[in-house]
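Peer 1: For reference, the structure I am asking about is given below.
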Amino acid sequence: MKLPKNFSSNHSLKENNSLKLNYAADYFVSCNSEKELFLIYDFLEEKKIKYWIFGDGTNLILKNNLKGLVIKNNLKGFSVNGNSVIVSAGENWDDVVSKSLKKNLYGLENLSGIPGSVGASPIQNIGAYGSEISNFVNYVETFNLEKGRFEIFSNQACNFSYRESIFKRNPNLMVTKICLDLSQEFKPNTHYEALPKSVKNASEQRKNILSIRSQKLPDHQKIPNVGSFFKNPIISEMQLKKLSADFPDIKNYLLEDKNYKVSAAWLIENAGLKNSKKGDCGISNKHALVFYNYSESSDFILSYSSEVIDIIKKKFGIILEYEPSIIG
54 MKLPKNFSSN HSLKENNSLK LNYAADYFVS CNSEKELFLI YDFLEEKKIK YWIFGDGTNL
114 ILKNNLKGLV IKNNLKGFSV NGNSVIVSAG ENWDDVVSKS LKKNLYGLEN LSGIPGSVGA
174 SPIQNIGAYG SEISNFVNYV ETFNLEKGRF EIFSNQACNF SYRESIFKRN PNLMVTKICL
234 DLSQEFKPNT HYEALPKSVK NASEQRKNIL SIRSQKLPDH QKIPNVGSFF KNPIISEMQL
294 KKLSADFPDI KNYLLEDKNY KVSAAWLIEN AGLKNSKKGD CGISNKHALV FYNYSESSDF
354 ILSYSSEVID IIKKKFGIIL EYEPSIIG
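So for the sequence shown, my numbering puts the first residue at 54; every next one is plus one.
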């Protein structure tokens with residue numbers, strides 16, 4: 054059977070995840086072209102084994118060694134068509150934000166500095182500072198690893214919601230490229246409370262975002278982490294009223310459907326857990342949503358995060374959900 058050139062067995066994944074967890078995959082392939090996707094499909098059809106698609110590994114937690122194939126999405130490409138940018142999944146997300154601004158195409162400024170690859174962005178429906186990628190997606194192109202064919206999803210077909218998409222629920226759909234509709238006119242989105250309300254241009258907005266992120270979020274290259282560890286929980290107006298009676302300063306945001314998004318960082322900090330530590334992992338003193346890990350195993354970070362979930366549930370009656378994917 055013909056295999057892609059970048060194919061290996063018993064491959065260490067330590068450099069393929071931002072927590073630096075030292076687990077291995079039975080098989081590993083770096084997919085560098087669309088042609089190689091068909092070779093990978095043939096391999097999976099013959100072997101009948103499990104598979105996982107990796108981007109830059111900045112939003113996943115490995116539980117153990119992976120018995121199957123890890124596909125590193127390394128597809129490259131960036132082009133502009135009018136107000137749209139078409140980007141391949143293996144490109145770095147923040148590079149795309151920067152390149153778009155240089156082409157005088159605006160809208161992505163508030164998503165500056167988010168680590169990871171383009172392929173992960175629609176899967177997770179990445180968002181920050183009052184913006185989400187779903188605001189800009191025209192379509193997402195995928196390769197269906199169960200059917201061996203390309204499939205295109207319109208924005209509506211992506212079924213986007215808070216940190217969710219059809220791709221997250223269907224891991225056989227490997228994102229190959231995305232098309233983003235941007236604007237030639239800069240319209241600053243400064244609604245988020247930490248942002249300066251007056252900015253001259255998109256470059257200044259990007260600079261402000263990057264500055265705020267650097268103050269709050271540790272660099273995963275220096276301190277192993279996956280960014281926000283939990284989603285901000287969404288609760289009803291009735292739940293919020295009950296909580297506000299005991300915690301009048303609870304941080305929350307009204308959503309369009311009249312539910313409320315509660316700050317998970319506020320919950321963790323007000324439970325006295327910010328800057329806490331257990332074994333080789335802990336919660337950052339910069340931001341209560343960031344767990345760091347200095348172990349090559351995920352045992353400590355998974356057990357401690359489970360304890361945090363229990364503490365938050367007992368204190369506030371809210372169940373936190375993991376934001377990164379846990380695999381293995």
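Where a beta carbon is used, it is the ideal one built from N, C-alpha and C, also for glycine. Remember, predicted model here, so these are calculated numbers, not experimental data.
1. Do you know offhand how far GLY381's Cα is from GLY335's?
2. Measuring CA to CA, which of LYS275, ASN145, LEU74, PHE239 is closest to SER170?
3. Identify the continuous beta strand (DSSP E) that holds TYR192 and give its terminal residues.
4. Considering only the beta carbon of each residue, do ARG216 and ASN278 sit closer than 9 Å?
5. Leaving out five residues before and five after ASP147 in sequence, what residues of the same chain have Cβ atoms less than 7 Å from its Cβ?
6. For the alpha helix (DSSP H) that contains VAL150, what are its first and last residues?
7. Is the beta carbon of LEU355 less than 9 Å from the beta carbon of LYS116?
8. If we count Cβ pairs, one from each stretch, closer than 8 Å, do we get three or more for the segment 337–345 versus the segment 265–279?
9. Do ASN323 and ILE303 come within 9 Å of each other at the CB atom, strictly closer than that value?
10. LEU233 to LEU263, Cα distance in whole Å?
11. Using DSSP with H/G/I as helix, E/B as strand and the rest coil, what is LEU56?
12. For HIS244, does the count of other Cβ atoms within 10 angstroms reach 16, so buried, or fall short, so exposed?
13. Is LEU66 closer than 9 Å to TYR80 when the C-beta atoms are compared?
14. Anyone know if the C-beta pair for PRO377 and ASN112 falls short of 9 Å?
15. Alpha carbons only, please: which of GLY370, ILE371, LYS339, ASN328 is nearest the one belonging to TYR24?
16. Would you report the Cα separation of PHE91 and ALA247, rounded to the nearest angstrom?
17. If I'm right that ILE176 touches SER218 with Cβ under 8 Å, what's the distance once you round it to whole angstroms?
18. Would you report the Cα separation of TYR313 and SER289, rounded to the nearest angstrom?
19. DSSP three-state label for PHE369, please.
20. Count the other CB atoms, across all protein chains shown, that sit within 10 Å of the CB of ILE102; report buried if there are 16 or more and exposed otherwise.
21. Output yes or no for whether 9 Å exceeds the beta carbon distance between ILE371 and LEU326.
22. With a CB to CB cut of under 6 Å and the five nearest residues on each side skipped, what residues in its chain are close to PHE60?
23. With a Cβ-Cβ cutoff of 9 Å, do LEU128 and ASN85 count as a contact?
24. Going by DSSP, what residue range makes up the beta strand (DSSP E) through TYR306?
25. Between ILE186 and GLY180, what straight-line distance do the alpha-carbon atoms span, to the nearest angstrom?
Peer 2: So, to answer that:
1. 22 Å
2. ASN145
3. 190–197
4. no
5. Same-chain partners within the cutoff: SER165, GLY166, ILE167.
6. 146–155
7. yes
8. yes
9. It is a contact, given that the beta carbons lie within the stated cut-off.
10. 21 Å
11. LEU56: coil per DSSP, three-state reduction.
12. HIS244 comes out exposed.
13. no
14. yes
15. Look at the range of the chain in this structure, 54 to 381, and you will see that residue 24 is not part of it.
16. 46 Å
17. 6 Å
18. Using only the alpha carbons, I get a separation of about 6 Å.
19. helix
20. exposed
21. no
22. Excluding sequence neighbours, PHE60 sits near VAL82.
23. Yes, Cβ-Cβ distance for LEU128 and ASN85 is below 9 Å.
24. 305–307
25. In this structure, the alpha-carbon of ILE186 lies about 6 Å from that of GLY180.
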